[in-house]
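Below: one structure, written as structure tokens.
Protein chains: 4
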Amino acid sequence: MRQWTKRQKEIIEFAIKIIVEEGLDNFTTKNLALKLGISEAALYRHFDGKNEIISSILEYFEDIARDTLRLANKFNKSIEKLRFIFKTRAENFVRNPGFVILILSEEIFPPDPMLTEKIKNIMLMNKDNIEKIIQDGQKNGEIRNDIDKETLFYMVVGSFRFMITRWRLMNFSFDLIQIFNKLWEGLEKLLKKEEV
Amino acid sequence: MRQWTKRQKEIIEFAIKIIVEEGLDNFTTKNLALKLGISEAALYRHFDGKNEIISSILEYFEDIARDTLRLANKFNKSIEKLRFIFKTRAENFVRNPGFVILILSEEIFPPDPMLTEKIKNIMLMNKDNIEKIIQDGQKNGEIRNDIDKETLFYMVVGSFRFMITRWRLMNFSFDLIQIFNKLWEGLEKLLKKEEV
Amino acid sequence: MRQWTKRQKEIIEFAIKIIVEEGLDNFTTKNLALKLGISEAALYRHFDGKNEIISSILEYFEDIARDTLRLANKFNKSIEKLRFIFKTRAENFVRNPGFVILILSEEIFPPDPMLTEKIKNIMLMNKDNIEKIIQDGQKNGEIRNDIDKETLFYMVVGSFRFMITRWRLMNFSFDLIQIFNKLWEGLEKLLKKEEV
Amino acid sequence: MRQWTKRQKEIIEFAIKIIVEEGLDNFTTKNLALKLGISEAALYRHFDGKNEIISSILEYFEDIARDTLRLANKFNKSIEKLRFIFKTRAENFVRNPGFVILILSEEIFPPDPMLTEKIKNIMLMNKDNIEKIIQDGQKNGEIRNDIDKETLFYMVVGSFRFMITRWRLMNFSFDLIQIFNKLWEGLEKLLKKEEV
DNA sequence: AATGAATGAGACTTCATTCAT
DNA sequence: AATGAATGAAGTCTCATTCAT
Chain A
1 MRQWTKRQKE IIEFAIKIIV EEGLDNFTTK NLALKLGISE AALYRHFDGK
51 NEIISSILEY FEDIARDTLR LANKFNKSIE KLRFIFKTRA ENFVRNPGFV
101 ILILSEEIFP PDPMLTEKIK NIMLMNKDNI EKIIQDGQKN GEIRNDIDKE
151 TLFYMVVGSF RFMITRWRLM NFSFDLIQIF NKLWEGLEKL LKKEEV
Chain B
1001 MRQWTKRQKE IIEFAIKIIV EEGLDNFTTK NLALKLGISE AALYRHFDGK
1051 NEIISSILEY FEDIARDTLR LANKFNKSIE KLRFIFKTRA ENFVRNPGFV
1101 ILILSEEIFP PDPMLTEKIK NIMLMNKDNI EKIIQDGQKN GEIRNDIDKE
1151 TLFYMVVGSF RFMITRWRLM NFSFDLIQIF NKLWEGLEKL LKKEEV
Chain C
2001 MRQWTKRQKE IIEFAIKIIV EEGLDNFTTK NLALKLGISE AALYRHFDGK
2051 NEIISSILEY FEDIARDTLR LANKFNKSIE KLRFIFKTRA ENFVRNPGFV
2101 ILILSEEIFP PDPMLTEKIK NIMLMNKDNI EKIIQDGQKN GEIRNDIDKE
2151 TLFYMVVGSF RFMITRWRLM NFSFDLIQIF NKLWEGLEKL LKKEEV
Chain D
3001 MRQWTKRQKE IIEFAIKIIV EEGLDNFTTK NLALKLGISE AALYRHFDGK
3051 NEIISSILEY FEDIARDTLR LANKFNKSIE KLRFIFKTRA ENFVRNPGFV
3101 ILILSEEIFP PDPMLTEKIK NIMLMNKDNI EKIIQDGQKN GEIRNDIDKE
3151 TLFYMVVGSF RFMITRWRLM NFSFDLIQIF NKLWEGLEKL LKKEEV
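Protein chains in written order, with our numbering: chain A, 1 to 196; chain B, 1001 to 1196; chain C, 2001 to 2196; chain D, 3001 to 3196.
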């Protein structure tokens, strides 16, 4: 896990803020420097260039996402693991809406090879972990077996992402946690093996 | 439904092609003109500006989406309506991958008020129609009642969108129809009232 | 005196209208064609190009200005000639504010040799005639002798032009004729030989 | 009074030079940058845009004009005040022909609200001050009373402006000071109360 | 650690004009 | 007499980045 200097953290923070609040179009070196109260040139003291800033944003969120996945292991039941992961994420979103970048990243970032690689890695890490948990649940009878793990992955992650997307589109105006709880209730009904 | 001249259709087509294949960053008037084999100035004979081209792309897809929603009414059962809508869309995607723009549009387009308005309208049209179908299904006992219609909407549309997103990220390399069929099977299981 | 076709007259009229109402910046072939309800290409059926239109505007006003100067000769007294000339012009302005172009022309038109030549000619014609009238008046004792004719020319024409300029700047909002009458009263006091 | 950096002053100077010598049509960012020996982009480090440069030109001249008006107060007699103002201006014009911009500004600058506002302010400042001086002169019997102050303003300022306009049209070829002296002699005769 | 000054590349757009029909 | 389609040249402006200080 990379260590950031104080200034670097500051830059990353404001970069996220701009992307989330003003859109990628307004994420320019000029605007970033302005918000930070420093010169554009100064940015290059701390990062090689703009894409390195984006890359760092991804790493920053990747770390958090990885932590969440790791922490999930303290739970025994698969469904509880999943609930922890998505609940934690929803809470992260509320605490720091900048987190939405993680979801948008695939779509909005410039086609730089380094970035693309990093994004694919994050997605893969996520997919692997979630699917593994689902698979375990299916094996031990916790999770329904009549839908394969990849489809369930699409359904769970897809609905979660879509909820987040809409939340952002509505300018973070609705109570995300409340909507999440309803969504998760539904998702549990979907996942659980029907008891006989 | 707006009528396009031959040239306008051509421009829209190539614009979509560029956005999908090369990303929004490469969707420049210069590139577009180059691909069309005309001068940049010529573009302005056919459209007021770049955003008007984007707007037209949206209208173009909106028309198709609306048609699909309308055609779905020939089915009696709610679930069949939904299956028709999403199946048709999946087929549209295969036939014309440019369709993904409809899904990306919320995130990638420049923050022009006219565009934002149009995008929100399309999303709303979609949400209204789908939720209405779900609601009808719930009323007549076809669709489960223990998850509210909005949550089901998130789940169905979210998984579908996520599947498309991944398909694009993988450069359209997997068989979308096959994956869709699996997904839809799962979604039907989710939606249907469990028979006693 | 050149003869204009009906269409040419129409084009000249609208050109003047645009220049006066919307400024030279908005006097484009596109805008002109739009206002006329014809295509840009059609303009080139009637005029060689934009500068030929401007040139024609100048000729159009030159004809009127020349007429006024000629008609002034029916008066015997120099001061009456002058009064007629400027009064007629003021009335022309009120009737057709497009006339202001004649005053602006030196400053605003593009540096085309043909245009510059034409403008200088109009100005010269005016200067020659007015100064001649002043000179005659000085000879026959009507007009004061202690200020040379060129200086008087500056004073009379300069004040008149300045009045027009301000009238336009105020969007033709004040009563030009009324202000003119006051101005002319003052100018007559300036011009007239003080009676002993 | 705004302070300019060295570069800003340089830019303003060259901008004036171009407008006066080559006309507004040739006052392009490209041409300006070329003359300065810097890139177009560099201009935008020093000014927000082209109109901000124009605006600065106006401010620059406004300061000078205001100074002249202020300095005029050291004279006791109204006519001496006026003579000082116009003589100083004539001298300014000779020293820096770019000054003509102040006179042309109403007509030639693009219809930007900020610019229009600034121009109107300058004109108003001028009118208010000159008319005030004329009024004072009328009150204390120095200046004739039988022509109202506004008409006298038209006459004095109008002739002066017209002289300048012609001077420019003749490419600054005649001796402005000499012509001005003759003009002023005439204007004094106009203004002064005839002694009995 | 930071900055002021600069820049090449390229963005979108408008202009007057031409030409085949 | 008119038009639809096109265009080269030029316009203003923004971008990420570099470099001397």
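Virtual Cβ for every residue (Gly too), placed ideally from N, Cα, C.
By how many angstroms is the C-alpha of residue j removed from the C-alpha of residue i?
i       : j       : result
A/V145  : B/F1153 : A small correction: the amino acid at residue 145 of chain A is Asn; Val does not occupy that position in the sequence shown. Their Cα atoms are separated by approximately 23 Å.
D/L3115 : D/I3122 : 11 Å
C/K2087 : C/K2077 : 15 Å
B/F1047 : A/I19   : 30 Å
B/E1091 : A/A42   : 51 Å
B/D1175 : B/V1094 : 9 Å
B/L1183 : A/I134  : 16 Å
A/E188  : B/P1110 : 38 Å
B/I1085 : B/Q1178 : 16 Å
D/S3159 : C/S2159 : 6 Å
C/V2196 : C/L2190 : Only weak support exists for where C/V2196 lies, its pLDDT of 47 falling under 50; the value from the coordinates is given anyway. About 15 Å.
A/T165  : A/L69   : 21 Å
D/L3132 : C/K2193 : Sequence check: residue 3132 of chain D is Lys here, not Leu. Taking the straight line from one Cα to the other gives about 29 Å.
B/M1125 : C/S2039 : 39 Å
D/V3100 : D/R3168 : 8 Å
D/S3173 : C/Q2008 : 38 Å
A/E52   : D/S3105 : 48 Å
D/L3137 : C/K2118 : Note that residue 3137 of chain D is Gly in the sequence shown here, rather than Leu. Cα to Cα, the separation comes out at about 43 Å.
D/I3147 : C/K2074 : 29 Å
A/N171  : A/K139  : 41 Å
C/P2097 : C/K2149 : 29 Å
A/I11   : A/T28   : 12 Å
A/E57   : B/K1120 : Reading off the sequence, residue 57 of chain A comes out as Ile, not Glu. Cα to Cα, the separation comes out at about 28 Å.
B/K1006 : C/K2006 : 36 Å
B/R1089 : A/W4    : 45 Å
D/M3067 : C/K2127 : The residue you asked about is not Met; residue 3067 of chain D is Asp in the sequence shown. Taking the straight line from one Cα to the other gives about 35 Å.
Here's the rule: buried if 16 or more other CB atoms are within 10 angstroms of the residue's CB, otherwise exposed. What is residue i?
i       : result
A/M155  : buried
C/Y2060 : buried
D/K3081 : buried
A/N129  : buried
A/G186  : buried
B/E963  : Outside the displayed range of chain B (1001 to 1196) lies residue 963 of chain B, so it cannot be described from this structure.
D/G3037 : exposed
B/R1002 : exposed
D/P3113 : exposed
B/R995  : Residue coverage of chain B in this structure runs from 1001 to 1196, which leaves residue 995 of chain B outside it and unanswerable.
C/L2102 : buried
B/L1071 : exposed
D/G3049 : exposed
C/T2151 : buried
A/G141  : exposed
Assuming the contact rule is C-beta atoms closer than 8 Å, residue i and residue j should be a hit. Round their C-beta distance to whole Å, please.
i      : j       : result
A/F180 : B/V1157 : Incorrect: roughly 16 Å between the Cβ atoms, too far for contact.
A/I79  : A/I143  : 7 Å
Report task. Identify each residue in the region 99-112 of chain A for which the Cβ-Cβ distance to at least one residue of chain B is less than 7 Å, and report them in chain order. Result -> L104, E106, E107, I108, P110, P111
Query - Three or more C-beta pairs below 8 Å linking the region 3002-3016 of chain D and the region 3025-3035 of chain D - result: yes
Query raised in the report: How about the region 3062-3069 of chain D and the region 3020-3027 of chain D: do they share at least three Cβ pairs that are nearer than 8 Å?
Result: no
Requested in this report: Could you run through the region 1169-1193 of chain B and flag, in chain order, every residue whose CB is less than 8 Å away from some CB of chain A?
Outcome: L1169, K1182, L1183, E1185, G1186, L1187, K1189, L1190
Query raised in the report: Taking a cut of 9 Å between CB atoms, which residues from the region 3024-3050 of chain D lie near chain C?
Result: L3024, D3025, N3026
Requested in this report: Check distances from the C-beta atoms of the region 2078-2090 of chain C to those of chain D and list, in chain order, the residues that come in under 9 Å.
Outcome: none
Query raised in the report: Which residues, in chain order, does the region 2003-2020 of chain C contribute to contact with chain D at a C-beta distance below 7 Å?
Result: none
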